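Q: To start, I am sharing the structure in question, which I have written as structure tokens.
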Amino acid sequence: MGTAAILAALMLPGPAFAQDAQAEEPAPEPEAPTPEITVTGSRIVRDGYDAPTPVSVISTKELKAEAPANISDFVNTLPAVRGSGTAASSNGSLSNGAAGINSVNLRNLGANRTLVLFDGQRSVASTTTGSVDVNTFPQALIQRVEVVTGGASSAYGSDAVSGVVNFILDKGFTGFKTEYEHGVTTYGDGPNHKFSATGGASFADGKGHILLSGEYFTQKGIQSIDRDWNDSGFFLINNPAYSTAAGGNCRAPAGYVAGTPITGCGPEYLISANTGTGQFTPGGLISTGPLRGTYFGSINPATGKASVNQLNFGTTSGQWMLGGDLDITTEGHRSSATLLPAEKRASGFGRISYEFSPAIELFAQAAISHYRGQSYYQQTPTVGVTIQRDNAFLPDAVRAAMVTNNLASVQIGTSNIFLPPQGSDNSRQVQRYVVGGSGDFATGGLDWQWDGYYQLGKTDTVERLTNAWHIQRMANATDAVVAAAGNPGGYAAGTIVCRINVDASAANDDRACVPLNRIGTNGASPEAIAYVLHNGLQPLRRQHLKQQVAALNFSTNNLFRLPAGPVSLAFGGEWRKEEVSGSVDALFRPIVSGGVTTGTWIYGNYLPTIGSYNVKEAFVETIIPIIKGMDFNGAARITDYSTSGSVVTWKAGLTWQMIPDIKFRGTISRDIRAPNLSELFAPGTGRTNTVNVPQPNGTVAANQFNESTVGNPALVPEEAMTYGAGVVVTPTFIPGLAFSADYYKIDLSGAIDSLTAQTLVDQCYQQSIATACSAISTTGGRGVVTPGLAVTSIEIKPTNFVSVKTSGIDLEASYRREIGPGNLTLRALASYAFELKTENGVTLATDAAGQNTGGLPDWTYRFSAGYDMDSGFSVQGIARGVSGGVYNNNYIVCTTDCPLSTADRRTVNTNSIPGAFFFDLNFNYRFEVKNAKAEVFLAIRNITDRDPVLVGNGPTGNNTPAYPQTNRALYDVLGRVFRMGFRLAI
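Listed below in structure tokens is the structure:
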């Protein structure tokens, strides 16, 4: 059965059949003619042709059964879709403006290597990184989703390295339909509501057609991780008992050979419960010096100063503590990140078409989508806060102890509990306008089809932070003193004031400064809080992305005839321009001097991204029948980038229906991904984070620094060789059964990537790699990496220096038959990843396949069983999950007599993460009310309310304890979720 027939079958009751090449079930009557359909991954329109590249199809029936809050929630359950970003998982993307994006990532190769199309056309990105937010598409008009799991650059150009996800528009919808959905977790949180209304009508005796659709979605966020499983204190930490200093238990002897056990040496990393931070408390902790362990509690109304307590330390290393008073140190910071963002989405879509003749049908469509989402990153801690001995808020007992110990100041760590958590309140408006046409004509004895369009896409973003403090204002307000008589600022004696206003220098005065009591949990005044938050002025960047696309394509299915059948040909051209501009007020910008970026705000530190490039492309594609049942599919495309020159992509594929029951298919292709606007033109926006820096005494220190990401205009397109081979089995002796197995291999060279800040630190301090050291700035300046100096800034710059190799196998099976008063439909999808190896030519190669800390487990599964009754009732059960895995394939597991741990081969006490299965159940009932068709539904996700598998995150990042103690890319974190609603169609 051809692709067109399969897609027609998808519109029947029951879930979609697997893959694009299944056998047709015997029918008592001849099958009605089916229209010619373009298969995603090919530009040729041809009835009965199956592309050599696998295509999985998600039908309207499946989407309705699960009723996802957004369509990406469903797509992300497909085994081939791994590592996608969601609005819930992007809450930490404060400084790059990506918070709230729902992207699609095939093979865990990155969302920027997956091409997302809307009805076969590109869509304007929602961020400068090129990510398309699929929630901007009109979900009520999506007829199906086609997922091509193979390279398709010869058909579509850049980005289609790992595949294509095409959201197909139901252009012929006629009638009126409306839908309401409500969702909530079993804990009563995260409620959301979605309403949509869609209408379509023909006019002028069917020559014209008009479509209108609107949707509104609102969701109340879960703004902290209010789940019991997140109270385990389960992290990957630096082992306090590991030391390479002179006399340390892991000091390598002279002539040491790598990998040799060292007597008494334990692992460098520990994965354990009962761990947490040991450098701060909500009201402040003195974590160094003779007063170490002194921490401050609530304010005593009688004295106006904080209570003084002594912390029971566990064993510590860097920011981590094992055991001890963890409930005290982690209070307010643990679980302070958003679990589910607050969101509002509204969208509208309109399309009108008119067929003037078979040769000319013109259309125009417009879409607008508005998004606003709020989420929180963490209750941001600060360490190394200097408190002078004459600080006005310092308890007398501590001041006396400082005098006794001859201390002029102390350093405290605090989670700044007097401030609300820091986060983002982003809004995004995406507009898309398309005009185009299509038609059939004959010339020179050949029948031709043409289509063309011009698209203008615009995205306007407002990237706004919440509760971020101004660094200098925080320092000014923290240094509070009691004004002396006759002070230079003219303040009344005994008044608590900011030191800058009463010192000898008038140059640093700020009369607006309000003294801030950071000593204790509840001593900060509203006026002081308003001052450090700059009286409501928060970091803000406005960005404008613009995409223009013009394309014209021609195809014929009868170029000439060979003994095995006619030869098909398609050719065409495309022009595209991508632009970004923006603005940032000087108040919100960082200071850039001498190659060093210094943040002025704790987060944000925005700079506008400005740049553009254009692309000119031409392609040709053909289908040549070789023998009966065997077709060759070949394509080539030449692409010229204004920034990097020309590159050629191509594809060669073969399909062979050996017997009616068995079809073979295979492809070889050369694919590309061009650098996106951010990679080319990022201006160096600052991002606050922490890194673990090795110290002269063999320990590590958690340094807070400013991470500056800059673009690289010299980047060139990545190049990939993609190989695929598969078989489709549709046994005629078991009607309704189809099975496919497809092997894939992608070799990506010159991949655009950048080393992480922690990797640069490791390379510099542990491996003495000069290029890494040159990107690091310390208190001694840029490139001055003398051990002991604090790291203050690190520059991150992408280059074409990485090679990536991934391979695996996709399995899909479906079975459908009539049983009793209804139809039974079974579908199974599974993917196995053999490898996802990355080599950068500097450090040891890594293999991310099977690392359950990332997005690509060894196995990913999805099984569904549905039964649709003639009475209108249907039920569907789904089992989905991942296999167990490891933390890192390069880790060495040991508990004693470990070898020396290195940056490439860390030692760890365990390296195992369990897999998990989650079960969903869906109920639908269809009925008629007069001349209207109605449906009520209930969908229950994670019906057993299974907790996620605990995954020890760490050891870097001061935000790690604030985040979920699991991998939310693989495991459900909300618990049981109910979705219910009704649909009405006229």
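Residues 984 to 1969 in the numbering used here are what the sequence shown lists, from first letter to last.
Glycine included, every Cβ here is placed at the ideal spot set by N, Cα and C.
As the structure is a computational prediction, the values presented were derived from the model and not from experiment.
1. By how many angstroms is the C-alpha of residue 1936 removed from the C-alpha of residue 1300?
2. Label residue 1145 either buried or exposed according to how many other C-beta atoms from any shown protein chain fall within 10 Å of its C-beta, with 16 as the threshold for buried.
3. Which ranges would you report for the beta strand (DSSP E) in the region 1489-1561 if only whole runs of at least 3 residues count?
4. In chain order, what residues of the same chain have a beta carbon less than 7 angstroms from the beta carbon of residue 1773, not counting five sequence neighbours either side?
5. So is residue 1520 buried or exposed if we call it buried at 16+ other beta carbons inside 10 Å?
6. Classify residue 943 as helix, strand or coil using the three-state DSSP reduction.
7. Whole beta strand (DSSP E) runs in the region 1689-1754 with 3 or more residues, listed along the chain?
8. Between which two residues does the beta strand (DSSP E) carrying residue 1899 extend?
9. Could you pull out every residue in the same chain whose Cβ sits closer than 7 angstroms to the Cβ of residue 935, ignoring the five residues on either side in sequence?
10. Under the three-state reduction of DSSP, which class applies to residue 1007: helix, strand or coil?
11. What's the C-alpha gap between residue 1653 and residue 1570?
12. Under the three-state reduction of DSSP, which class applies to residue 982: helix, strand or coil?
13. Run the CB neighbour count on residue 1281, radius 10 Å, all protein chains shown included, and call it buried at 16 or more, exposed below.
14. So which of 1249, 1201, 1839, 1360 has the shortest CA-CA distance to residue 1953?
15. So, at 8 angstroms on beta carbons, what are the nonlocal neighbours of residue 1887 in its own chain, with the 5 sequence-adjacent residues on each side left out?
16. Residue 1811 and residue 1795 - do their beta-carbons sit closer together than 8 angstroms?
17. Output needed for residue 1492: all residues of its chain with C-beta closer than 8 angstroms, excluding positions within five of it in sequence on either side, in chain order.
18. Could you check whether residue 1135 and residue 1907 sit closer than 8 angstroms to each other, using their CB atoms as the reference points?
19. Could you pull the start and end residues of the alpha helix (DSSP H) that residue 1455 belongs to?
20. Identify the continuous beta strand (DSSP E) that holds residue 1623 and give its terminal residues.
21. Please report the distance separating the alpha-carbon of residue 996 from that of residue 1439.
22. Give me the Cα-Cα distance between residue 1716 and residue 1610, rounded to the nearest whole angstrom.
23. Have a look at residue 1220 and residue 1963 and give me their C-alpha separation to the nearest angstrom.
24. Any idea if residue 1544 is buried or exposed, counting beta-carbon neighbours within 10 angstroms, 16 or more meaning buried?
25. State the Cα-Cα distance for the pair residue 1568 and residue 1523, rounded to the nearest angstrom.
26. Mind pulling the beta strand (DSSP E) runs of 3 or more residues that sit fully within the region 1207-1279?
27. Compute the beta-carbon to beta-carbon distance between residue 1062 and residue 1648, rounded to the nearest angstrom, for a pair I have assumed lies under 8 angstroms.
28. So if DSSP puts residue 1156 in a beta bridge, which residue, or which two residues, is it bridged to?
29. Between residue 1403 and the rest of its own chain, which residues show a CB-CB distance below 6 angstroms, the 5 nearest in sequence each way excluded?
30. Compute the beta-carbon to beta-carbon distance between residue 1588 and residue 1668, rounded to the nearest angstrom, for a pair I have assumed lies under 8 angstroms.
31. Please list the terminal residues of the continuous beta strand (DSSP E) segment that includes residue 1646.
32. Distance, Cα to Cα, residue 1244 vs residue 1882?
33. Short check: CB of residue 1098 to CB of residue 1153, under 8 angstroms?
34. Considering only the alpha carbon of each residue, which of 1938, 1956, 1699, 1376 lies closest to residue 1901?
35. Do you know whose CA, among 1898, 1884, 1829, 1897, lies nearest residue 1871's CA?
36. Got a sec? Which residues, its chain only, sit under 7 angstroms from residue 1950 by beta carbon, not counting five neighbours each side?
A: For this structure:
1. 16 angstroms
2. buried
3. 1523-1539
4. 1686, 1761, 1762
5. exposed
6. This structure cannot speak to residue 943, because the chain is shown only from 984 to 1969.
7. 1701-1712, 1720-1736
8. 1899-1912
9. Nothing can be reported for residue 935: it is not among the residues displayed for the chain, which extend from 984 to 1969.
10. Low confidence applies to residue 1007: its pLDDT is 34, below 50, so where it sits in the model is not reliable enough to give any reading.
11. 47 angstroms
12. There is simply no residue 982 to check, as the chain begins at 984 and stops at 1969 in what is shown.
13. exposed
14. 1839
15. 1826, 1827, 1873
16. yes
17. 1472, 1483, 1484
18. no
19. 1454-1461
20. 1613-1624
21. Note on residue 996: pLDDT 32, under 50, position unreliable in the model; the coordinate value appears next. One C-alpha to the other measures close to 37 angstroms.
22. 25 angstroms
23. 42 angstroms
24. exposed
25. 8 angstroms
26. 1218-1221, 1252-1255, 1258-1260
27. Actually they do not touch by this definition, with Cβ atoms about 19 angstroms apart.
28. Paired residues: none, contrary to the question.
29. 1450
30. 6 angstroms
31. 1645-1656
32. 4 angstroms
33. no
34. 1956
35. 1829
36. 1835, 1836, 1934
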